[in-house]
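First the structure, in the form of structure tokens, and then the observations on it.
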Amino acid sequence: MSVQQLQARFDQEIAAAADLAALDGVRVAALGKSGEITQLLKSLGKMDADTRTAEAPKIHSLREAVTDAIAAKKAALEGAELERRLATERLDLSLPSAEAPRGSIHPVSQVMDELTEIFADLGFSVAEGPEIEDDWHNFSALNIPETHPARAMQDTFYMDEKGEDGAPMVLRTHTSPVQIRTMQKKQPPIRIIAPGRVYRSDSDATHTPMFHQIEGLVIDKAITLGHLKWTLETFLKAFFERDDVVLRMRPSYFPFTEPSAEVDVGWSMEKGRRVVGGSEGWMEVLGSGMVHPKVIAACGLDPDEWQGFAFGTGVDRLAMLKYGMDDLRAFFDGDLRWMKHYGFRFLDVPTLSGGVGA
Ligand code: PHE
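When we follow the UniProt record's numbering, the leftmost residue of the sequence shown carries the number 1, and every step to the right adds one.
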């Protein structure tokens with residue numbers, strides 16, 4: 001077979017190779033140890049000088065041409081293989097996971113996020129304090145005298161260990177000590193909310209020994225009861241996502257506010273259920289008032305210069321009202337069936353633009 005014929009045959013075989021294995025077969029048959037081209041190269045040694053001079057360049061160029069053709073075909077096959085894999089193994093990262101996420105967000109966490117979002121929009125930042133609190137921050141600085149019934153053993157969990165300087169330590173009974181800690185740390189103007197756990201020795205369908213509150217505090221030079229009412233109205237309308245939320249402020253008493261008001265919201269019956277909105281009846285949702293001058297003074301601020309309002313409410317109770325649960329104890333039982341029913345998807349992030357309700 002002439003060199004040209006060999007070249008034509010190899011070209012054809014290379015072109016016909018459907019995959020890398022077939023192509024390697026052609027390579028071995030042509031260029032392997034006993035391949036045809038290898039044999040031709042070996043035969044050069046046995047030729048006489050003239051024939052060798054004539055044949056050598058043809059055989060060398062055949063080897064080069066076949067080597068190049070195999071390399072080109074190999075690159076093409078590899079490219080096609082990559083294309084095929086890219087097409088079949090494509091992963092659409094925007095699709096939801098095939099395995100549905102198992103966890104869910106607890107209604108208390110969800111409601112806390114909703115409240116934080118609403119108050120952030122009103123310019124409030126989030127403040128925190130310890131859950132194991134000293135008696136001074138939890139009571140005395142809040143103008144709760146030692147004889148006040150709130151200090152009685154049946155309400156407050158006292159720690160066995162004393163704090164620094166022998167101070168009695170308690171599990172905080174409300175988030176109001178965060179008012180004190182904030183005023184001690186920060187110069188007014190102050191606009192904070194303080195969500196967190198609180199503890200009282202109490203247990204029935206609407207009380208658990210641990211529950212959640214959110215505190216609000218605004219301190220500035222000319223803050224009035226009007227600002228308090230507007231803030232609460234704006235917050236409750238945003239939270240319950242209804243414009244017909246009606247507030248009623250009832251004179252009340254808290255040692256740390258003067259005057260003090262309890263705030264009721266109106267409810268009405270909808271499809272046999274009591275919902276917030278309208279004014280068929282009233283239910284209490286929070287405590288509030290103008291911060292008592294003694295409290296401001298206890299924090300080292302001048303009550304003739306600074307004044308403001310505070311409010312506090314139960315986060316769990318807000319969750320129950322908004323999402324229709326009726327037993328508070330179930331919140332903390334850790335029953336997965338309850339969580340599946342009342343829990344929120346991790347993507348239900350409350351935003352003011354998207355709606356704070358899930
Ligand atoms: N700390 C009060 C409570 O736990 C609520 C409250 C907070 C009232 C702030 C007035 C002002 O009941």
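No residue lacks a Cβ here, since even glycine has one placed at the ideal position from N, Cα and C.
Computed from a prediction, not measured in an experiment: that's the story for all the values here.
- In this structure, the CA atom of G129 is about 26 angstroms from the CA atom of A238.
- Contact between D244 and V108 fails: their C-beta atoms lie close to 26 angstroms from each other, not under 8 angstroms.
- Residue side-chain check: T156 keeps its Cβ at 8 angstroms or more from all non-hydrogen atoms of the ligand PHE.
- Ranked by Cα distance from Q110, the options Y323, A98, L328 and D335 are led by Y323.
- With a cutoff of 9 angstroms on beta-carbon distance, A16 and A8 are scored as not near each other.
- DSSP places A310 inside the beta strand (DSSP E), whose first and last residues are Q307 to G314.
- For the beta strand (DSSP E) assignment, the uninterrupted runs of no fewer than 3 residues enclosed by the segment 259-346 are, from N- to C-terminal side, 273-276, 281-291 and 307-314.
- Closest in C-alpha terms to L41, from the list L62, A49 and D50, comes L62.
- Rounded to the nearest angstrom, the Cβ distance from V26 to I70 is 7 angstroms, consistent with a contact under 8 angstroms.
- The bridge partners DSSP lists for Y158 are V170.
- DSSP places F254 inside the beta strand (DSSP E), whose first and last residues are L247 to F254.
- L91 has its CB no nearer than 8 angstroms to any heavy atom of the ligand PHE.
- Secondary-structure assignment with DSSP links P195 through a beta bridge to I214.
- Rounded to the nearest angstrom, the Cβ distance from G278 to G287 is 23 angstroms, too far for a contact under 8 angstroms.
- Excluding sequence positions up to five before and after T156, its CB lies within less than 6 angstroms of the CB of V170 and T173, all in the same chain and listed in chain order.
- For the ligand PHE, no non-hydrogen atom lies closer than 8 angstroms to the CB of T182.
- The nearest non-hydrogen atom of the ligand PHE is less than 8 angstroms from the C-beta of Q213.
- Taking non-hydrogen atoms of the ligand PHE into account, the C-beta of V198 is found less than 8 angstroms away from one of them.
- Rounded to the nearest angstrom, the Cβ distance from Q307 to M290 is 7 angstroms, consistent with a contact under 8 angstroms.
- Residue state for D11 is assigned as helix, using DSSP reduced to three classes.
- As the crow flies, the alpha-carbon of R242 is around 22 angstroms from that of E215.
- Scanning Y253, F235, F256 and S252 for the CA closest to the CA of V246 turns up F235.
- Per DSSP, reduced to three states, the secondary structure at H207 is strand.
- A310 has its Cβ nearer than 8 angstroms to a heavy atom of the ligand PHE.
- For L328, the CB contacts under 8 angstroms within the same chain, skipping 5 residues up- and downstream, are A205, T206, H207, T208, F211, D316, R317 and M320 in chain order.
- Around the beta carbon of P145, fewer than 16 other beta carbons lie within 10 angstroms, which makes this residue exposed.
- Contact annotation: V295 and I192 have beta-carbon atoms that are not nearer than 9 angstroms.
- Between P195 and M269, the C-beta spacing is not below 9 angstroms.
- Judged by DSSP in its simplified three-state form, I180 adopts helix.
- Considering only M249, Y158 and T67, the residue with the shortest C-alpha distance to P168 is Y158.
- For E131, no alpha helix (DSSP H) encloses it, and the DSSP letter there is neither H nor E.
- A residue is called buried once 16 or more other Cβ atoms fall within 10 Å of its Cβ, and L336, having fewer, is exposed.
- Assignment of beta strand (DSSP E) within the segment 39-76, counting only whole runs of 3 or more residues, yields no such run.
- Distances from the CA of Q187 to each of D302, D68, V3 and F331 were compared; the closest alpha carbon is that of D302.
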